Ligand code: ZN
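Numbering (the numbering used here), first residue to last: 1 to 186.
Right, dumping it as structure tokens:
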């Protein structure tokens, strides 16, 4: 497995529509492994293909030790009740904001074996699924912020993004070490 470079805000790939996956090839299986590895190293709970520069309709999620591979995920039901909660994004480090999301969603997707399945998400899993599916259609959480909050986030990001030449975030050795240490503990 290998760590992938994470694309950050400013990279046009984050705004692109993804392509439906029709077959889970061995190459895509390896990509899924690398995406999990990268997500854990970055201490994320979800990662979508455009965030590592790919345009397959694919996200991986791990909330409450529920590890999900989602090819072509679609929200087929969403609770009208909405909950506000703070979000961040591995592609917009150090920027956080409150976003209203459906409290519960039912998602249909294809798993690593190419089989269709449904998963119900509540609370954090619901939020995470909606955030990751948004990524697959070029949407980012900052799009939901009020004009005022978005301006504040944008001006903070103007400074933060200088850390990421070429809009690329390479995980540091210490981040990776922390991840391996945590692995040993579990
Ligand atoms: Zn994100």
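For each residue, glycine too, the CB sits at the ideal point set by N, CA and C.
Since this is a predicted model, take the numbers as computed values, not measurements.
Own chain partners of residue i with C-beta closer than 6 Å, once the 5 adjacent residues on each side are dropped
{"i": "residue 133", "result": "73"}
{"i": "residue 125", "result": "63"}
{"i": "residue 144", "result": "99"}
{"i": "residue 38", "result": "3, 4"}
Residue i to residue j span [Cα, whole Å]
{"i": "residue 116", "j": "residue 77", "result": "16 Å"}
{"i": "residue 95", "j": "residue 140", "result": "12 Å"}
{"i": "residue 153", "j": "residue 142", "result": "8 Å"}
{"i": "residue 155", "j": "residue 10", "result": "13 Å"}
{"i": "residue 108", "j": "residue 118", "result": "4 Å"}
{"i": "residue 121", "j": "residue 104", "result": "6 Å"}
{"i": "residue 43", "j": "residue 172", "result": "12 Å"}
{"i": "residue 110", "j": "residue 29", "result": "13 Å"}
{"i": "residue 135", "j": "residue 87", "result": "14 Å"}
{"i": "residue 258", "j": "residue 31", "result": "Past the edges of the chain, shown from 1 to 186, lies residue 258, and the structure says nothing about it."}
{"i": "residue 158", "j": "residue 151", "result": "11 Å"}
{"i": "residue 163", "j": "residue 93", "result": "10 Å"}
{"i": "residue 85", "j": "residue 17", "result": "26 Å"}
{"i": "residue 138", "j": "residue 75", "result": "16 Å"}
Buried or exposed by the 16-neighbour rule on C-beta atoms within 10 Å, applied to residue i
{"i": "residue 131", "result": "buried"}
{"i": "residue 35", "result": "buried"}
{"i": "residue 2", "result": "exposed"}
Beta-carbon proximity list for residue i, same chain, < 8 Å, skipping 5 on both sides
{"i": "residue 19", "result": "55, 56, 57"}
{"i": "residue 7", "result": "13, 14, 50, 51, 52, 53, 91, 167, 168, 169"}
{"i": "residue 5", "result": "52, 53, 168, 169, 170"}
{"i": "residue 161", "result": "8, 9, 10, 167"}
{"i": "residue 33", "result": "1"}
Given residue i as reference, the closest of the options once Cα atoms are compared
{"i": "residue 147", "options": "171, 40, 97", "result": "97"}
{"i": "residue 106", "options": "129, 100, 151, 84", "result": "129"}
{"i": "residue 123", "options": "16, 99, 151", "result": "99"}
{"i": "residue 82", "options": "137, 102, 59", "result": "102"}
Cutoff 7 Å; reference residue i; Cβ partners in own chain excluding five residues on either side
{"i": "residue 61", "result": "45, 46, 68, 70, 128, 129, 132"}
At least 3 beta-carbon pairs within less than 8 Å: the region 59-72 vs the region 24-43: Output reads yes: the region 24-43 touches the region 59-72.
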